[in-house]
Each structure stands twice: as C-alpha cells, then as structure tokens.
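Worksheet for the structure shown next.
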Amino acid sequence: MRRCLIRHEDFDGPRIAIFKSSSITTDSESSWNQATEWYTSCLQNHPTCREDKAPTPYLPTRVIDISSVADDIKLAVPGTGGIEISGSYATLSHCWGTVRPLQLLQSNIDDFKNGIPMEYLPKTFIQAIEIVRRLQIPFIWIDSLCIIQDSLEDWQKESALMDQVYSRGTMNIMATDSRDSTGGLFWDRKPSQVGHIMVATSWDRMKPETLHTMDDDYWNSELGIAPLNRRDWVLQERNLAPRSLHFGRFQLYWECREVAASEAYPDGVPSLMEYGTRDPKIVTPVAYLSRFDRKHNTQTLEQAGYNLWYRLVERYSRTSLTKPSDRLVAISGIARRLSVTLGDTYIAGLWTKDLPSGLLWESREFIFDPDPIKSYRPDVNRAPTWSWASIKGLLSYSNSSTGGHVRNLIQIEEINITPVTGHDIYGQLANGYIQLKGTLMKARIERTDMTMIDNTWLELAMKGERNSASICLDVLGLPQRQMSVVFLPVVQDDDSSSKIQDYIHGLLLKASDNHPQGWYERLGTVSIKVHSPLWSVVIEEIKNPSQKHKKLSCGEQLGKVVSI
Numbered sequence: 001m002r003r004c005l006i007r008h009e010d011f012d013g014p015r016i017a018i019f020k021s022s023s024i025t026t027d028s029e030s031s032w033n034q035a036t037e038w039y040t041s042c043l044q045n046h047p048t049c050r051e052d053k054a055p056t057p058y059l060p061t062r063v064i065d066i067s068s069v070a071d072d073i074k075l076a077v078p079g080t081g082g083i084e085i086s087g088s089y090a091t092l093s094h095c096w097g098t099v100r101p102l103q104l105l106q107s108n109i110d111d112f113k114n115g116i117p118m119e120y121l122p123k124t125f126i127q128a129i130e131i132v133r134r135l136q137i138p139f140i141w142i143d144s145l146c147i148i149q150d151s152l153e154d155w156q157k158e159s160a161l162m163d164q165v166y167s168r169g170t171m172n173i174m175a176t177d178s179r180d181s182t183g184g185l186f187w188d189r190k191p192s193q194v195g196h197i198m199v200a201t202s203w204d205r206m207k208p209e210t211l212h213t214m215d216d217d218y219w220n221s222e223l224g225i226a227p228l229n230r231r232d233w234v235l236q237e238r239n240l241a242p243r244s245l246h247f248g249r250f251q252l253y254w255e256c257r258e259v260a261a262s263e264a265y266p267d268g269v270p271s272l273m274e275y276g277t278r279d280p281k282i283v284t285p286v287a288y289l290s291r292f293d294r295k296h297n298t299q300t301l302e303q304a305g306y307n308l309w310y311r312l313v314e315r316y317s318r319t320s321l322t323k324p325s326d327r328l329v330a331i332s333g334i335a336r337r338l339s340v341t342l343g344d345t346y347i348a349g350l351w352t353k354d355l356p357s358g359l360l361w362e363s364r365e366f367i368f369d370p371d372p373i374k375s376y377r378p379d380v381n382r383a384p385t386w387s388w389a390s391i392k393g394l395l396s397y398s399n400s401s402t403g404g405h406v407r408n409l410i411q412i413e414e415i416n417i418t419p420v421t422g423h424d425i426y427g428q429l430a431n432g433y434i435q436l437k438g439t440l441m442k443a444r445i446e447r448t449d450m451t452m453i454d455n456t457w458l459e460l461a462m463k464g465e466r467n468s469a470s471i472c473l474d475v476l477g478l479p480q481r482q483m484s485v486v487f488l489p490v491v492q493d494d495d496s497s498s499k500i501q502d503y504i505h506g507l508l509l510k511a512s513d514n515h516p517q518g519w520y521e522r523l524g525t526v527s528i529k530v531h532s533p534l535w536s537v538v539i540e541e542i543k544n545p546s547q548k549h550k551k552l553s554c555g556e557q558l559g560k561v562v563s564i
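Residue numbers are given in full-length UniProt numbering: position 274 of the sequence shown equals residue 274, and the series is strictly consecutive.
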C-alpha cells in the first residue's frame with residue numbers, strides 16, 4: 001500500500017487530527033444512520049440521479065414481498081391472480097460460492113407464494129432484507145429466489161431482462177466481502193481501520209492548506225479486489241444500478257450517479273483518489289454516457305462509447321466465470337444500454353460501426369507473471385474466434401483506436417450471427433460468421449530466444465522479408481520452431497499529429513479445417529512498425545495485390561474452435 005497526501009478544501013480544526021469511526025462493527029447505529037442519510041440525500045438532492053429515474057413504474061417478473069411488519073416474506077408475481085402489485089424494489093448482488101442458497105424451483109413456486117420461512121434463508125439474504133426494510137422499500141429482488149433455477153426457458157427469459165431489473169430498482173445491496181450467501185453483510189472492525197489523518201500546513205512561501213493521507217489506490221484496493229467484485233455478473237449489476245450500497249470488510253461504501261462515498265469520507269471520497277488510478281467513468285459507464293450524451297455531439301459520443309466498452313471488456317476479462325456459456329450473457333445488460341446510446345448493432349461482443357478496431361483485442365499472457373491467468377478457449381463454444389468472448393483470460397485493447405485516427409484496410413461484406421434463444425443477439429450464440437474484404441498474405445511466424453518469456457516476442461516472415469513484429473497469440477502453444485499463417489491487415493495508424501510511431505495492425509488467421517476454402521479462424525494479432533522491411537512489403541501488397549495474394553473475402557463460422 002502506498003500513501004499519498006490529498007488537498008482538503010474545507011477543514012477548520014487542529015494542525016494534526018486523526019479521524020476514525022467510534023463503532024466496532026458495520027452493524028452499528030452510526031453505520032445504519034450513514035446508510036440512511038446517503039439514500040435519503042440521493043433521492044432528495046441529486047438532480048442527475050433523479051433524471052435517471054425510470055419514467056414509468058416497474059417491477060420485475062417476480063419479487064420478494066417484505067412489506068409485512070412480521071418476519072413473513074413471500075414471492076410476489078405482479079399482474080397475476082387479479083391483484084395489482086406496485087412499489088419500489090431493491091436488488092441484491094452476492095456471491096453464490098460453493099454453498100447453494102435456497103432456490104426457487106418449479107416444484108416450490110406455490111409454496112414460495114404462500115410464504116418463505118426466514119429460517120430457511122442464508123445469512124446474507126436475511127441481513128439484506130433487514131436493510132431494505134429499514135429503508136422502507138417494500139420489495140427485494142434476489143436472483144436465486146426470483147428466477148426458476150431448474151428452468152432453462154425461464155433463465156433465458158429473465159437473463160435478457162437484467163438491464164431492466166438492475167437499472168430500474170431503487171438501490172442495489174452489495175455483499176461485497178462475502179464469498180457465499182452464508183457470509184452475511186456485517187463485519188466486526190477496529191475503529192482505526194476507518195479513518196485518515198488530517199494535517200494543516202504552513203510551509204514557507206506557500207499558501208497554508210490542509211492535507212490528508214490515504215492509500216493512493218483507495219477505491220480499488222477497498223472495493224475492486226473484494227470477492228464480490230471479482231464475480232463476472234457483478235460488473236453489470238454494479239454499473240446498471242442507480243445506487244449501490246457496499247458492505248465491505250471495514251466500512252460501508254456508497255455509489256450513485258453523483259457521489260462516491262465511504263464511512264471514512266461520508267461527504268464523498270476526494271475526487272483525485274475516488275477511483276485510484278482508474279478513470280471514474282469506468283466505474284459507472286452507463287451513467288457517464290448518459291451525462292456525456294447531453295453535452296457532446298454524436299461523433300464524440302461514439303468515440304467515448306466505443307473506448308469505454310473496450311475498457312469494460314478488459315475489466316470483465318479479469319473476473320471469475322462460473323459457466324463459460326455465460327460469457328456474453330453476463331455483460332449483455334450493459335451492451336443493451338450502450339446499443340441505444342450509440343445507435344449501433346451489437347455482434348458477439350463487438351460493434352458493427354467500429355468492427356475493424358473491435359477485432360483487434362489481444363490475449364495477454366506472460367509465463368513469468370507472478371499471478372498468471374492462463375488464456376484458453378473453452379471446449380464449450382460460446383462465440384466465434386474473432387470475438388474476445390471466445391477466450392477466457394486477460395484481454396487488452398491496446399491497439400484499438402477510435403475517432404478517425406486509423407485508416408481501415410478491410411471492408412465489411414456480411415455479418416451473420418444466430419442466437420441460441422430467438423432473436424436475442426445479446427445472449428448465447430449458436431453460430432456466426434463475418435465476411436471481410438481485404439488483403440490476405442501468406443506468412444510464417446517463428447520463435448525467438450525471448451518467446452518463452454513473452455508470447456509477443458516472435459518474428460514474422462513474408463515474401464522473403466523477416467523481422468521482429470509485435471505478435472500476440474490468442475492461446476500459447478507454438479510448434480517447436482515455426483508455423484504457416486495468413487496475415488490480414490486491418491487498420492493503419494493515421495494520426496499525423498501523434499508523436500507515437502505508426503503501425504499497421506492486423507489479424508493472424510489459419511484456414512478452417514471444417515469449412516470450404518476461403519474460411520478462416522483467428523490465431524492472434526500482429527502489429528508492424530512503420531519503415532520496417534515488413535511494413536514496406538505490406539504497403540506494397542495493399543496498393544498492388546499480386547495474383548498470388550489477391551484480395552479475397554474471408555469469414556468464419558462458429559464450429560470446431562481450433563487452438564494452435
């Protein structure tokens with residue numbers, strides 16, 4: 001942990017002061033009062049949060065009715081049985097873990113409607129209900145109790161509604177530090193674990209000011225690495241909710257469209273450190289874009305939206321994934337919202353209007369990384385190899401650039417994807433392909449002495465020239481010395497104002513074993529530096545394609561996924 005000094009504008013106190021909580025648990029009255037104050041203040045005093053309020057009343061397909069003053073709770077199904085149900089609801093984000101919580105099944109729906117005994121609920125659920133009741137919210141939505149867990153049809157239907165469920169709830173309760181539903185929300189703590197030191201300065205030839213000390217990655221170190229925020233589904237749950245109340249190990253945290261706060265900083269975490277070294281718009285991207293939309297023109301909004309999506313994909317790749325088949329589903333809620341904002345069509349984790357840049361994701365795996373995450377393509381097909389969703393592992397979009405600073409070297413001829421469920425292009429895919437028009441070049445990749453340290457240290461050979469190139473294979477597993485591939489240039493840097501050296505970025509492909517000639521599967525990416533021998537070869541081929549390397553259409557159909 002590194003410490004830093006942050007300027008504090010409004011402090012009138014002793015020259016050195018230590019601020020800390022007086023309570024020894026997050027279940028204290030002071031913590032309860034703070035949570036209530038955040039919630040009430042947001043509802044009454046935050047214009048941006050009020051703007052994001054759902055225009056019409058909404059309840060999910062099923063909710064848990066907790067409005068009874070007694071312990072009785074029951075499953076409520078709005079619009080059925082001739083009884084109208086209305087009111088606000090909260091949601092719960094929690095880790096399932098290895099301990100399966102109480103679940104809604106086809107066999108117990110009627111029992112749940114009549115009542116759910118509190119003693120059957122795990123600790124996290126009981127405490128979440130207690131919190132929501134104290135905030136006077138009549139309903140709560142909990143995934144395991146509101147989605148029929150042994151019905152694939154119901155799961156597919158409800159998973160497609162997650163953007164509505166989380167964005168239209170009044171608040172999301174987050175069991176941030178619990179690894180499963182038995183962990184609960186409240187924790188014992190030492191008062192010193194919630195606080196900071198304030199120092200009033202009067203240095204020579206400098207204006208007097210007040211500084212306070214804190215971890216320079218405060219927000220991420222407290223929340224970002226917590227068990228809940230490493231779960232794949234939670235990325236969209238946290239981002240879509242208008243308000244989130246985190247129950248951390250040492251204190252409570254608050255996030256809404258206007259404020260990020262903690263018990264240590266109840267009026268708001270200092271803006272410089274609010275999200276550590278991360279850009280604040282990455283934490284609540286939908287809210288960021290909704291505000292951005294009102295202030296900028298369409299072109300600027302699109303640039304922001306695409307770049308924001310790429311950063312989200314990078315973060316998403318670092319979460320744990322229980323079911324490979326959920327890879328696209330678990331982020332589909334954010335994709336649905338961004339699709340409306342951007343006015344673009346979503347295809348297997350990419351965007352049609354920015355497809356050339358979107359294709360240039362990279363799988364980053366370093367053999368000597370102290371905490372390696374091995375990249376692999378799961379046996380269960382979940383996306384075409386040209387989609388980042390085909391890989392489980394760390395991903396990077398370092399070569400993607402939007403905003404007119406690249407020249408596209410491919411044309412999109414056809415896009416075809418077939419969803420598993422009806423016409424839901426945001427969910428699981430049955431198959432899909434893209435047909436591109438570009439310059440295909442036969443090439444060869446070869447090992448170097450450094451390849452065993454970093455899978456980007458390889459040499460590329462084309463038309464008698466060979467040189468080092470930045471090559472990133474989707475999955476490690478090179479043959480002993482070399483491998484024949486096909487190179488497809490995708491974009492060329494085109495920013496004369498930039499001092500960064502230009503590159504041509506493209507894809508490495510291999511002919512598909514299961515399809516006719518002209519069908520390819522992705523192996524990785526390559527970047528070729530300007531003025532290198534390979535650069536000249538590629539530029540010449542693009543300008544004057546030879547008969548041997550004529551411009552071809554290439555596509556890929558989801559079928560057998562081949563790793564090298």
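C-beta: ideal position from N, C-alpha, C; glycine also.
What residue from the options has the CA that sits closest to residue i's CA?
i: F250; options: L235, W187 and N114; result: W187
i: W535; options: W519, G518, R364 and V491; result: V491
i: F487; options: D502, G432, L508 and L476; result: L508
i: T61; options: P47, I85 and Y310; result: I85
i: L342; options: D354, I331 and A348; result: D354
i: D111; options: A70, I64 and V69; result: I64
i: Y265; options: S202, W38, G184 and D513; result: W38
i: I116; options: L245, I471 and D72; result: D72
i: V329; options: L312, D344 and A348; result: A348
i: S41; options: S470, I542, T80 and R243; result: R243
i: H505; options: G518, L359, I129 and D513; result: L359
i: A76; options: A70, G87 and D379; result: G87
i: S178; options: S167, L223, D150 and K207; result: L223
i: I142; options: T56, S339, S192 and S159; result: S159
Could you give the C-beta distance for residue i and residue j, rounded to a whole number, given that I count them as a contact under 8 Å?
i: C95; j: A175; result: 7 Å
i: K392; j: L440; result: Actually they are not in contact, since the Cβ atoms of K392 and L440 sit about 28 Å apart, beyond 8 Å.
i: W252; j: Q435; result: Checking the sequence shown, residue 252 turns out to be Leu, not Trp. Contact doesn't hold; Cβ gap of about 52 Å is too wide.
i: I334; j: N239; result: 6 Å
i: W254; j: Y306; result: The Cβ separation is near 30 Å, so there is no contact.
i: K529; j: Y503; result: 6 Å
i: H405; j: D494; result: 6 Å
i: E258; j: T25; result: Between T25 and E258 the Cβ distance is about 28 Å, and since that is not below 8 Å, they are no contact.
Indicate whether residue i and residue j have their beta-carbon atoms separated by less than 8 Å.
i: K74; j: K113; result: yes
i: Y89; j: L102; result: no
i: R522; j: T418; result: no
i: T182; j: V99; result: yes
i: G524; j: L473; result: yes
i: R407; j: R327; result: no
i: L92; j: I173; result: yes
i: G248; j: D180; result: no
i: E314; j: S396; result: yes
i: V537; j: K437; result: no
i: L104; j: L145; result: yes
i: V485; j: R444; result: yes
i: N416; j: G432; result: yes
i: V475; j: R318; result: no
i: I126; j: I66; result: no
i: S527; j: N399; result: yes
i: R336; j: D154; result: no
i: I331; j: Q236; result: yes
Please report the residue range of the alpha helix (DSSP H) in which residue i lies.
i: Q411; result: No alpha helix (DSSP H) contains Q411, which is instead part of the beta strand (DSSP E) from Q411 to P419.
i: L355; result: L355 to G358
i: D163; result: M162 to S167
i: V530; result: Taken as a continuous stretch (DSSP letters only), V530 belongs to no alpha helix (DSSP H), as it is neither H nor E.
i: N45; result: E29 to N45
i: G112; result: With the sequence shown as reference, residue 112 is identified as Phe, and Gly is not the correct amino acid for it. Per DSSP, F112 belongs to the alpha helix (DSSP H) from I109 to N114.
i: V259; result: Per DSSP, V259 belongs to no alpha helix (DSSP H) and is neither H nor E.
i: N239; result: V234 to L240
Considering just the uninterrupted stretch of the beta strand (DSSP E) at residue i, what are its terminal residues?
i: W254; result: L252 to C256
i: P489; result: Q482 to D493
i: S244; result: R243 to F247
i: T439; result: L429 to T439
i: D65; result: V63 to D65
i: G506; result: Y503 to A511
i: N229; result: Where N229 is concerned, there is no enclosing beta strand (DSSP E), given that its DSSP letter is neither H nor E.
i: T91; result: Y89 to S93
Are there any heavy atoms of the ligand COA lying less than 7 Å away from the beta-carbon of residue i, as far as the coordinates show?
i: M171; result: Among the components of this structure there are no ligands whatsoever, and the ligand COA is therefore not found.
8 Å is my cut-off, CB to CB: does residue i come that close to chain B?
i: P138; result: The structure shown contains no chain B; it holds only a single protein chain.
Ranges of the beta strand (DSSP E) found wholly within the segment 137 to 192, counting only runs of at least 3: Within the segment 137 to 192, the complete beta strand (DSSP E) segments at least 3 residues long are 139 to 141 and 171 to 174, listed from N- to C-terminus.
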